[in-house]
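Reviewing the structure listed below.
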Amino acid sequence: MVARLTPDQKVACSIHVGFKPRFGGSFFVLPYPDLSLRSLILQQHRLFSTSNLSSNSKTLQGSKEKARAALSIICSEQNPERVVDICRSAALSPESHLDRLAYSRAISKLKESNNYEGIRAFIKDSIKQLTCRSERFLSHFIVLYGQGGLVNDAVKLFDEMPEMGIERNVKTLNSLLTSCILAGEHGEMKRVFSEFPGKYGLEPNLDTYNIVLKGLCKSGGANEAHSILAEMERKRIKPNSTTFATAIGGFYEEGNYIDVGKMIQLMKKYSIEPGMSIYNVRIQSLCKLKRSTEAKALFDALLSRGMEPNWATYGHLIYGFCREGKLDVAKSLYKDMVDTGLQPEAQCYFTLVYYLCQGQDFDAALGICKDCMSKGWVPNITTMKSLVDGLVSIGKLDDAREIIRRVKEKFSRNADRWSEIEAALPK
């Protein structure tokens, strides 16, 4: 089973484990998730001696399988109360990458059911179970509190760190700011940024400013980017491409194209060349605004400069043109993408299949769906039902039955529902 994360989970994963999932979300029409926040906690590279690696390899492998199984079960579990039991049985640890994914998914499951007491108890219990507490692990739980909508608990944990024998530092401050953003508590983010550095003797760094700028832009305060950049200059902290990409995206979101131009000009002052991250933000922003033709012109311009677009560039354009009903352009971009050797993301496949079905281009939708399923990804049941119905409408019963067969094999829990759909097909 492929674990499917929501956009918020993808952001959370990119924040506290430095990981960007290579699989798509569970809903097909969402734009590509914004993953521009830098990782707040650097992944610790563990060094094993040859003897240690040999002696622990079976244990490590077993732990990974346990975590994969837990993540798979959590993703399919419909009862949120069971989620905590699954995590406890798996004895998850924030030290493990897969375990962190399982933590994130578990918190989202509990939040979906508004089980805030469950989130609180789960995180507190997890902290108690830690055999070795560190700022890295506590930063992880601070972020999880925010993902679960419990910012006050995140602040409390931050305050209590010295009582646990762990000193606060700028990384834990950054985690707390991120926690506020994930919870949508942008006012609290401003308060923490304004008060905590002085209160606790912490000096904000580049990541701090990038996170705060991200929060400001997400809450409609992109105009404050100028004051943030001015403060960074006073403190001799040089902005990077992430700083400008965030500000540019925020100004686009607010329709402030003049300041977009100002940011692009300001980059020259800091000798920052607009790389693909900047172009991707601009292309994504234009596509969100249903200005995909302008985004395509920007895309053509970067090609003429010898730059190489990546999967995200194509994904933004495909989403934009699909959303505007320009399916022929979207299909052409998909073909170009594949021809250049780039691997589409799951979300790209899901978007195309959904919109092609909406446009009744079922032949094209079938071809792309087959490509998608060959990678182990399957669009959601609503999209797949639309495809099956469309194939039946154009007389492709065998293809419809084949799609049903493959989906039933992939997702046994929905087999009964698909059997009903299959039984209703024309004989």
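According to the working numbering, the residues represented by the sequence shown are 20 to 446, in order.
All C-beta atoms, glycine included, are put in the ideal place defined by N, C-alpha and C.
Query, Result
"Nearest to I283 (by Cα), restricted to the options H245, E186 and V372", "H245"
"The segment 337-351 touching the segment 316-328, judged by at least three CB pairs closer than 8 Å", "no"
"Contiguous beta strand (DSSP E) assignments of at least 3 residues, all confined to the segment 303-380", "none"
"L163 Cβ short of 8 Å to the ligand PLP heavy atom set", "The model on display carries no ligand, and the ligand PLP is accordingly not part of it."
"Assigned secondary structure, C458 (DSSP; H/G/I helix, E/B strand, else coil)", "There is no way to answer for residue 458, as the model of the chain reaches only from 20 to 446."
"Which of helix, strand or coil DSSP assigns to L221", "coil"
"Per-residue DSSP class, three states only, for S184", "Note on identity: in this sequence residue 184 is Gly, with Ser being the wrong assignment. In the structure shown, G184 sits in coil (DSSP, three-state: anything other than H, G, I, E or B)."
"Beta carbon of C306 nearer than 9 Å to that of R342", "yes"
"When Q166, R436 and E154 are compared against S177, the one with the closest alpha-carbon", "Correcting the residue identity first, residue 177 is Phe in this sequence and not Ser. Checked all of Q166, R436 and E154; the closest Cα to F177 is E154."
"Whole-number beta carbon distance between L120 and Q166, since they are thought to touch under 8 Å", "Not confirmed; about 12 Å, so no contact."
"Alpha-carbon spacing of S108 relative to S123, whole angstroms", "16 Å"
"Chain-order list of residues whose beta-carbon lies under 7 Å from that of A264 (same chain, five-residue window excluded)", "S55, S296, I297 and V300"
"Min CB distance H116 to chain C below 9 Å", "Judged by its chain identifiers, the structure shown contains no chain C, having just a single protein chain."
"Limits of the unbroken alpha helix (DSSP H) element including S412", "I400 to S412"
"Among H116, I138 and L169, the one whose alpha carbon lies nearest that of F156", "H116"
"CA-to-CA distance, I277 to V189, given in whole angstroms", "34 Å"
"Residue closest to K288, alpha-carbon to alpha-carbon, out of N259, N275 and L308", "N259"
"Assigned secondary structure, N433 (DSSP; H/G/I helix, E/B strand, else coil)", "helix"
"Whole-Å CB distance - T332 paired with I291, under 8 Å assumed", "The pair is not a contact, with the Cβ atoms about 19 Å apart (cut-off 8 Å)."
"I423 (DSSP reduced to helix, strand or coil)", "helix"
"Straight-line gap, I93 to E313 (C-alpha atoms, nearest Å)", "42 Å"
"Endpoints, the alpha helix (DSSP H) within which E250 is located", "A244 to R253"
"6 Å CB neighbourhood of G268 in its chain, flanking five on each side removed", "V300 and S304"
"Cβ-based burial, L129 [other Cβ within 10 Å; buried from 16]", "buried"
"V211 and V174 closer than 9 Å at C-beta", "yes"
"Outcome for I413 when other beta-carbon atoms lying within 10 angstroms are tallied against a minimum of 16", "exposed"
"Distance CB(F160)-CB(L192) smaller than 9 Å", "no"
"Span separating the alpha-carbon of L235 from that of Y271", "14 Å"
"Cα-Cα separation between T402 and Y368, rounded to whole angstroms", "11 Å"
"Alpha-carbon spacing of A384 relative to D172, whole angstroms", "46 Å"
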